Amino acid sequence: MSTITLIATGHKENGLCNSQELFKIIEQISPDVIFEEIPPGKFEAVYEGTRQASLEVKTIKAYLQKYPDTHHYPVDLDIEQATEKEIKKEVDGIYFICKDYSPEYNYLDSLIPYWTEKYGFPFLNNDRCSEILSRKKALEKQILNTLRKDKNQRAMNHERLELAYKHWIDQIDDRENEMLRNIYSYMEQKKYDRALFLVGAAHRKPMQQKIEEYESKESFKLNWTFYNN
2 MSTITLIATG HKENGLCNSQ ELFKIIEQIS PDVIFEEIPP GKFEAVYEGT RQASLEVKTI
62 KAYLQKYPDT HHYPVDLDIE QATEKEIKKE VDGIYFICKD YSPEYNYLDS LIPYWTEKYG
122 FPFLNNDRCS EILSRKKALE KQILNTLRKD KNQRAMNHER LELAYKHWID QIDDRENEML
182 RNIYSYMEQK KYDRALFLVG AAHRKPMQQK IEEYESKESF KLNWTFYNN
C-alpha cells in the first residue's frame, strides 16, 4: 500500500516556519511525488515566477533542483478570480470585526503567529494548533450570530456578512474535497510508493476527518501518516 504524509504548513516564512526547515522535513520523507495546495490554473504562473511564490513553492523549487526526479502536482480547486477576490474582501471584513468584538478571538489570533515563529512545523502539526483554529472558527460563527441579534448593530449588513461567511466555509469544504479526490486519482493511476501532501494548517483537522470518511467508502486505500515531529 502506498504511503502519503500530510504536513501542515504556513504559507509565509515566520521564524522556524521557513523553507530551510521544511526542506529538511521533506528530505527525511524522500517522497516520489508532492501534492500542492495550488489550483491547476495557477500552477504554471507560480512556477514561472509571474505569481508570488509561497513558502511551500520556494521549498519545492529548491527540492526539485536537488532531486529532479521527484514529481509534483497541483490538487486544489480552480475558483473564478473575481469570485475569489469578492469573497476574500468580505471575509477580511469579518476577520477584523471579530478581532474588534472579541478579546478571546484577538488573543487566539495572536497565539498562532507567535507559536509558529517559536516552534515552526512541530506546532503547526500539533493538535494544539488545530484546537486554536477550531475555536476561532466557532467564535466567528458565535460573533456573527450575536451581532445579528444586537439592536445597536442594525447599521451593519448582517445578511451580506453571513452569506459571505457561508460562501467562504462552503468554498473551503469544496476545496478540501477536490484536493482529496485529486490525490486519490493520481495515486491510483501513477502507483507512487511515497507521497507528500503540503497543505495549510487550517486544513489539517478537517482533512483528517475527510480522509477517514473517504477511506471508509472507497475501495482504493492509502496509508496516511501525519507529520508531528
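In terms of our numbering, the sequence shown opens at residue 2 and continues consecutively.
Backbone N, C-alpha and C define an ideal beta-carbon position, used for all residues, glycine too.
Note that the structure is a prediction, hence the values are computed from the model and not measured.
{"Check": "Alpha carbon to alpha carbon, how far is residue 131 from residue 114? Give it in angstroms, no decimals.", "Outcome": "13 Å"}
{"Check": "Three Cβ pairs or more, each shorter than 8 Å: is that satisfied between the region 180-199 and the region 32-49?", "Outcome": "yes"}
{"Check": "Output the distance between the C-alpha atoms of residue 145 and residue 189, rounded to the nearest integer angstrom.", "Outcome": "42 Å"}
{"Check": "Mind checking which residues open and close the alpha helix (DSSP H) that includes residue 17?", "Outcome": "Per DSSP, residue 17 belongs to no alpha helix (DSSP H) and is neither H nor E."}
{"Check": "DSSP on residue 54, reduced to helix/strand/coil?", "Outcome": "coil"}
{"Check": "Could you check whether the region 60-70 touches the region 172-184, counting it as contact only if at least three pairs of C-beta atoms, one from each stretch, sit closer than 8 Å?", "Outcome": "no"}
{"Check": "Can you tell me where the alpha helix (DSSP H) holding residue 44 begins and where it ends?", "Outcome": "41-49"}
{"Check": "How big is the Cα-Cα spacing for residue 106 and residue 143?", "Outcome": "11 Å"}
{"Check": "Rounding to the nearest angstrom, what Cα-Cα distance links residue 92 and residue 225 in this structure?", "Outcome": "32 Å"}
{"Check": "Here's the rule: buried if 16 or more other CB atoms are within 10 angstroms of the residue's CB, otherwise exposed. What is residue 108?", "Outcome": "exposed"}
{"Check": "If you draw a straight line from the alpha carbon of residue 136 to that of residue 110, how long is it in whole angstroms?", "Outcome": "10 Å"}
{"Check": "Can you say whether residue 124 is buried or exposed, counting buried as having 16 or more other CB atoms within 10 angstroms of its CB?", "Outcome": "buried"}
{"Check": "Verify the CB distance criterion: does residue 7 have a CB-CB separation below 7 Å to chain D?", "Outcome": "Going by chain labels, chain D is absent from the structure shown, which holds only one protein chain."}
{"Check": "Are the region 42-61 and the region 83-101 touching by the rule of at least three beta carbon pairs closer than 8 Å?", "Outcome": "no"}
{"Check": "Look up residue 156 in the DSSP assignment and say whether it is helix, strand or coil.", "Outcome": "Caution applies to residue 156, whose pLDDT of 45 falls short of 50 and renders its modelled position unreliable; the model cannot decide the point."}
{"Check": "Which stretch, first to last residue, makes up the beta strand (DSSP E) that contains residue 117?", "Outcome": "Run containing residue 117: none in the beta strand (DSSP E); it sits in the alpha helix (DSSP H), 104-120."}
{"Check": "Would you identify the three-state DSSP class for residue 78, choosing helix, strand or coil?", "Outcome": "coil"}
{"Check": "State the Cα-Cα distance for the pair residue 38 and residue 48, rounded to the nearest angstrom.", "Outcome": "13 Å"}
{"Check": "Can you give the Cα-Cα distance for residue 100 and residue 36, rounded to whole angstroms?", "Outcome": "33 Å"}
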